[in-house]
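Residue numbers (our numbering): 288 to 397.
Before any comments, here is the structure.
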């Protein structure tokens, strides 16, 4: 079974969720739970995906669902630090653009 971890930390006005390992079907429940709780707890959620080695459609679904949940409640969710295959998946699907932080807020860039 692939290792996956989702850690949260708090910064002023935001929660940072740091994802590491492989985000696939086995990680779905943990990813969904952590992101949903973060969206309910802070006006801005920054998801640091720099530590992910793998991201499949289940992980993409979790990110998009959390983004939609955030928007529906007037909050924001952004993904930062994507590299390698994870960056490729986010770019090919267009989800990278959806989750990109605003260019005028360099504090969210990682």
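Just so you know, even glycine gets a beta-carbon here, dropped at the ideal spot from N, CA and C.
Asked                                                                                                                                                             : Found
According to the neighbour-count rule (16 or more other Cβ atoms, all chains shown, within 10 Å of its Cβ), is residue 302 buried or exposed?                     : buried
Closer than 8 Å by C-beta to residue 281: which residues in its own chain qualify, once you throw out the five before and the five after it? Chain order, please. : Any question about residue 281 goes unanswered here, given that the chain covers just 288 to 397.
Note down the Cα distance separating residue 353 from residue 391, rounded to an integer number of angstroms.                                                     : 23 Å
Mind checking residue 370: buried by the 16 CB within 10 Å criterion, or exposed?                                                                                 : exposed
Quick check on the DSSP output: what are the complete beta strand (DSSP E) runs of length 3 or more inside the stretch 358-392, in order along the chain?         : 363-367
Got a sec, what are the start and stop residues for the alpha helix (DSSP H) residue 306 sits in?                                                                 : It is not in any alpha helix (DSSP H) - residue 306 instead sits in the beta strand (DSSP E) that spans 301-310.
Give the range of the beta strand (DSSP E) segment to which residue 293 is assigned.                                                                              : 291-298
With a 10 Å radius around its C-beta and 16 neighbouring C-beta atoms as the bar for buried, classify residue 297 as buried or exposed.                           : exposed
Is the beta carbon of residue 386 sitting closer than 8 Å to the one on residue 339?                                                                              : no
Would you kindly work out how many angstroms separate the C-alpha atoms of residue 359 and residue 290, rounded to a whole number?                                : 31 Å
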